[in-house]
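Below: one structure, written as structure tokens.
Chains as they are written, first to last, in our numbering: chain U, 1 to 269; chain R, 1 to 529.
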């Protein structure tokens with residue numbers, strides 16, 4: 001009797017996933033906006049396919065045993081308890097599969113770590129609880145601003161209806177040009193933070209007193225949103241990351257505006 | 001069979017004219033009493049940590065801040081983790097070890113009886129320190145159970161209490177482990193060679209070595225935090241020449257073996273339960289022992305897979321990735337062995353077997369998400385998201401907790417001398433199974449979609465899954481009260497249990513000892529064929 005019940009539990013889980021799909025809920029990676037992210041998502045799908053096949057295979061045996069080898073069905077207990085051939089096979093085959101997975105994964109790891117010859121270098125500084133952006137090299141060099149959550153407090157406390165980009169909106173977005181290699185240097189002023197843009201497959205801890213780097217190259221324009229992903233104190237959930245990818249012309253225009261504002265601000269002083 | 005049972009005629013409740021009442025429990029040096037203390041302590045901690053989890057899930061039921069403020073939310077995530085790992089799961093398995101190891105190897109008691117008492121009685125003090133930290137200025141630390149520096153340096157005095165609590169917990173674990181190692185290596189009955197021991201004893205022997213090696217490392221990490229906080233050192237402060245990432249390395253050098261410290265005894269319990277209800281010997285006993293040892297050794301060289309995003313050199317990432325994926329091989333061997341044990345058996349599905357099957361199924365699922373996470377590029381996308389939360393709850397809850405439940409139902413008749421209510425036990429299993437998956441399966445989706453862990457409030461697209469997860473969590477929590485009811489009912493009014501209620505059980509406690517077991521067993525060693 002138990003076999004079918006286990007099956008129905010399994011079916012329930014699968015059904016839940018399927019209903020999630022049907023409702024159009026977020027249940028998978030956000031769409032990739034860089035080749036690196038696309039590669040990562042492909043790897044994930046390939047590995048998931050592989051493990052699903054193994055999972056179904058192994059538990060096919062278990063559920064079949066649960067169904068067919070029951071005492072209530074009068075199945076007698078065999079007394080075998082080892083089989084060297086089988087044991088060697090199921091040690092060696094997983095090892096071979098792992099080596100097969102390792103090859104494509106290693107290529108992506110190496111690509112992910114290659115931060116050489118960037119077009120633009122931006123330093124990202126984690127503060128409790130906001131992000132600082134400094135354009136260090138390339139077009140826009142010298143631009144510098146701080147990016148803080150712009151969701152009003154009333155929305156968080158439930159005194160106003162929540163907006164579309166609740167908790168994922170900032171006063172100053174990081175603006176980068178399309179198709180250019182952006183090197184991001186991360187550091188922090190107080191505790192460890194972590195800067196992440198899932199659409200680019202780029203995540204790097206920001207460590208106080210140290211500089212680390214990652215890179216991304218966006219392959220479509222748009223606004224990409226994320227949050228700090230390393231617990232950094234009480235407002236950890238309230239320091240979003242928003243990156244706007246624009247065309248090269250729009251980027252030059254934006255840089256011009258920023259410089260003008262900066263010059264005006266300098267004059268006022 | 002009963003010829004070797006202790007026949008000295010001690011009164012069941014009169015251990016050598018010792019104290020009665022509460023003093024009996026405070027002064028006891030009996031492995032069964034101490035095992036009982038460990039198990040009740042861990043159940044209480046399980047409830048305390050569970051209430052904290054429900055506070056977390058209540059806050060996450062809807063976007064916005066409703067129930068608690070972010071600061072208290074962080075305190076909840078921290079204490080939930082610490083209490084569940086150090087207060088609930090670890091002591092539960094030490095409780096099993098205390099009850100079972102002497103009986104399974106034919107020993108009269110643990111090797112160091114007084115030390116055993118002390119190992120347990122350190123725990124309530126450690127737990128009190130943890131709970132006390134809530135009442136200090138600034139409250140309990142809100143830093144996550146991993147206690148990452150330098151956030152820990154910003155915390156109030158609650159952090160210091162937590163550090164001392166970790167010291168005490170570590171001492172308790174080390175002393176308990178020394179006791180277990182000594183007992184297994186020295187007190188086996190004649191003829192009980194190492195390779196004839198029940199697998200539960202093997203997994204605990206290996207776990208105890210892991211504890212002795214890993215707990216001092218944790219003590220070092222938190223002590224360095226303590227001196228950074230108060231005595232002007234700069235282990236984790238770059239301005240003074242230190243490095244915050246050093247903390248993470250030291251912590252995870254303890255932290256990864258810790259994962260197996262929790263998992264291996266669970267493997268041991270399941271390796272007793274599955275053969276018993278399959279009425280068939282464990283498949284591949286020797287390879288189980290080797291696989292367990294391999295896992296234990298590998299666990300010391302994979303720690304930095306918790307830190308792929310700290311910015312390691314590419315060679316470091318590749319080394320830790322390859323080493324981590326290797327763990328899949330011995331773990332796979334174990335899973336295959338369990339399934340092969342069931343294959344062509346004569347299966348029945350009493351509650352212990354249900355939990356063991358649930359363990360096998362869901363732990364393997366958690367193992368596969370572990371394989372996904374071991375791959376650096378994929379981990380970069382999933383690190384510190386709810387995918388990780390889902391993964392480790394599949395391993396810790398569906399893995400360790402399910403197997404602890406299997407063990408409780410399996411040995412309860414032997415311990416209490418009475419049978420539990422099988423129908424209620426099955427209800428407990430199915431409710432636990434359904435609500436567990438409802439709580440944690442959807443968290444995979446949250447993580448994939450990008451929800452960071454340890455946040456008290458979240459963007460709107462995550463709302464539906466969080467609602468499902470929260471409802472599941474409350475169902476899961478309430479279902480555990482049923483376990484309490486089943487155990488109490490068993491103790492008070494269960495039907496008397498036979499010496500061997502499980503047809504396929506074959507270790508010494510079933511074959512050589514009456515039910516209920518006498519207070520002192522094996523004062524003369526059993527004779528093994």
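Here a beta-carbon is modelled for each residue, glycine too, at the ideal position from N, C-alpha and C.
Just so we're clear, the structure is a prediction, and the values are computed from it rather than from any experiment.
How is the alpha helix (DSSP H) around residue 255/R delimited, first residue to last? Here residue 255/R refers to the residue found at position 255 when the second chain is read from its first residue. Bounds of the alpha helix (DSSP H) holding residue 255/R are 244-278.
Three-state secondary structure assigned by DSSP to residue 135/U: Residue 135/U sits at position 135 when you count from the first residue of the first chain. Correct three-state label for residue 135/U: strand.
What is the residue span of the beta strand (DSSP E) that residue 214/U lies within? Within the first chain, the letter at position 214 stands for residue 214/U. Per DSSP, residue 214/U belongs to the beta strand (DSSP E) from 212-216.
Between 65/U, 84/U, 133/U, 54/U, which lies nearest to residue 98/U when the distance is taken from Cα to Cα? In the first chain, the residue the question calls residue 98/U occupies position 98. Residue 98/U has its Cα closest to that of 54/U, out of 65/U, 84/U, 133/U, 54/U.
With DSSP collapsed to three states, give me the class of residue 324/R. As a position in the second chain, residue 324/R is number 324, starting the count at 1. Reduced to three states, the DSSP call for residue 324/R is helix.
Which of helix, strand or coil does DSSP assign to residue 22/U? Locating residue 22/U in the first chain gives position 22, where the first residue counts as 1. With a pLDDT of only 49 at residue 22/U, under the threshold of 50, the placement of this residue in the model should not be trusted, and no figure is reported.
Whole-angstrom distance between residue 465/R and residue 26/U, CA atom to CA atom: Residue numbering aside, residue 26/U sits at position 26 when the first chain is read from its first letter. Residue numbering aside, residue 465/R sits at position 465 when the second chain is read from its first letter. Looking at the two C-alpha atoms, the distance is approximately 9 Å.
Checking 8 Å against the spacing of the C-beta atoms, do residue 106/R and residue 518/R come in under that value? Counting from 1 along the second chain, the entry for residue 106/R is found at position 106. Counting from 1 along the second chain, the entry for residue 518/R is found at position 518. No. Outside cutoff.
Count the other C-beta atoms from every protein chain shown that fall within 10 angstroms of the C-beta of residue 156/U, then say buried if there are 16 or more, exposed otherwise. In the first chain, the residue the question calls residue 156/U occupies position 156. The residue in question, residue 156/U, is buried, as its Cβ has 16 or more Cβ neighbours within 10 Å.
Measure the CB-CB distance between residue 335/R and residue 58/U and report whether it falls below 8 Å. Counting from 1 along the second chain, the entry for residue 335/R is found at position 335. Counting from 1 along the first chain, the entry for residue 58/U is found at position 58. For the 8 Å CB-CB criterion, residue 335/R and residue 58/U form a contact.
Chain R partners of residue 91/U, CB-CB under 7 Å? Mapped onto the first chain, residue 91/U falls at position 91. At a beta-carbon threshold of 7 Å, the residues of chain R lying near residue 91/U are 329, 333, ordered along the chain.
In chain U, what lies closer than 7 Å to residue 421/R by C-beta? In the second chain, counting from the first residue as 1, residue 421/R sits at position 421. From the beta-carbon of residue 421/R, no residue of chain U is found nearer than 7 Å; the closest lies around 18 Å away.
Which complete alpha helix (DSSP H) runs does the stretch 282-330 of chain R hold, if anything under 4 residues is left out? Segments of the alpha helix (DSSP H) lying fully in the stretch 282-330 of chain R: 285-298, 314-326.
At a Cβ cut of 8 Å, what residues of the stretch 126-147 of chain U count as close to chain R, listed as they run along the chain? From the stretch 126-147 of chain U, no residue has a Cβ closer than 8 Å to chain R.
Starting from residue 222/U and walking both ways along the beta strand (DSSP E), at which residues does that stretch end? On the first chain, residue 222/U is found 222 positions in, with the first residue counted as 1. Residue 222/U -> beta strand (DSSP E) spans 222-227.
C-beta neighbour in chain U for residue 510/R, strict 8 Å: Mapped onto the second chain, residue 510/R falls at position 510. Between residue 510/R and chain U, the shortest Cβ-Cβ separation is not below 8 Å.
Residue span of the beta strand (DSSP E) that contains residue 193/U, given as start and end: Here residue 193/U corresponds to residue number 193 of the first chain, with the count starting at 1. Residues 193-197.
In chain order, which alpha helix (DSSP H) runs of at least 4 residues are fully inside the stretch 30-101 of chain U? Complete alpha helix (DSSP H) runs here, min 4: 35-68.
Mind checking which residues open and close the alpha helix (DSSP H) that includes residue 100/R? For the purposes of this step, residue 100/R is taken as the residue at position 100 of the second chain. That run of the alpha helix (DSSP H) goes 90-105.
At a threshold of 7 Å, does residue 199/R count as lining the ligand COA (C-beta to nearest heavy atom)? Annotation note on the ligand COA: not contained in the displayed structure, which lists no ligands.
If the cut is a Cβ gap below 9 Å, which residues of chain U does residue 342/R touch? For the purposes of this step, residue 342/R is identified with residue 342 of the second chain, where counting begins at 1. Ordered by position in chain U, the residues that pass the 9 Å Cβ test against residue 342/R are 61, 62, 65, 66, 69.
One question on the structure: do residue 89/R and residue 262/R come within less than 8 Å of each other, judged by their Cβ atoms? Numbered from 1 along the second chain, position 89 holds the residue referred to as residue 89/R. Numbered from 1 along the second chain, position 262 holds the residue referred to as residue 262/R. Yes. Within cutoff.
Helix, strand or coil for residue 443/R, going by three-state DSSP, please let me know. On the second chain, residue 443/R is found 443 positions in, with the first residue counted as 1. Here residue 443/R sits in helix by DSSP.
Which of the residues in the stretch 378-402 of chain R, read from start to end, lie with their CB under 8 Å from any CB of chain U? So the list reads 378, 380, 381, 383, 384, 385, given in the order they occur along the chain.
Alpha carbon to alpha carbon, how far is residue 144/R from residue 247/R? Give it in angstroms, no decimals. Stepping through the second chain from its first residue, residue 247/R is reached at position 247. Stepping through the second chain from its first residue, residue 144/R is reached at position 144. The C-alpha of residue 247/R lies about 14 Å from the C-alpha of residue 144/R.
Just to confirm before moving on: does the CB-CB distance between residue 402/R and residue 355/R stay below 8 Å? To locate residue 402/R, count along the second chain from 1; it is residue 402. To locate residue 355/R, count along the second chain from 1; it is residue 355. Contact: yes.
When you compare the CB positions of residue 58/R and residue 469/R, do they come within less than 8 Å of one another, or not? Stepping through the second chain from its first residue, residue 58/R is reached at position 58. Stepping through the second chain from its first residue, residue 469/R is reached at position 469. Going by C-beta atoms, residue 58/R is not nearer than 8 Å to residue 469/R.
Nearest neighbour of residue 70/U, chosen from 349/R, 29/R, 167/R, 439/R [CA to CA]: Residue mapping note: residue 70/U aligns to position 70 of the first chain, counting from 1. For residue 70/U, the nearest C-alpha among the options comes from 349/R.
Would you kindly check if the distance between the Cβ of residue 494/R and the Cβ of residue 419/R is under 8 Å? Your numbering for residue 419/R matches position 419 in the second chain. Your numbering for residue 494/R matches position 494 in the second chain. Residue 494/R sits close to residue 419/R, with the two beta carbons spaced by under 8 Å.
Considering only the alpha carbon of each residue, which of 209/U, 47/U, 218/U, 130/U lies closest to residue 247/U? Indexing the first chain from 1 puts residue 247/U at position 247. When each option's Cα is compared against that of residue 247/U, the closest is 218/U.
What is the DSSP secondary structure of residue 499/R, counted as helix, strand or coil? In the second chain, counting from the first residue as 1, residue 499/R sits at position 499. In this structure, residue 499/R counts as coil in the three-state DSSP scheme.
Any Cβ of chain R within less than 8 Å of the Cβ of residue 251/U? The residue labelled residue 251/U in the question sits at position 251 within the first chain. With its beta carbon at least 8 Å from every one in chain R, residue 251/U lies outside the interface.
Can you give me the Cβ contacts of residue 365/R inside the same chain, cut-off strictly under 6 Å, excluding the 5 residues immediately before and after it? For the purposes of this step, residue 365/R is taken as residue 365 along the second chain, with counting starting at 1. Taken in chain order, the residues that qualify are 394.
So for residue 485/R, helix, strand or coil by DSSP? Mapped onto the second chain, residue 485/R falls at position 485. DSSP places residue 485/R in helix when its eight states are reduced to three.
Please classify residue 169/R: does DSSP put it in a helix, a strand, or coil? On the second chain, residue 169/R is found 169 positions in, with the first residue counted as 1. Three-state result, residue 169/R: helix.
Mind pulling the chain R residues with CB within less than 7 Å of residue 234/U? The residue given as residue 234/U occupies position 234 in the first chain. Ordered by position in chain R, the residues that pass the 7 Å Cβ test against residue 234/U are 70, 71, 74, 142.
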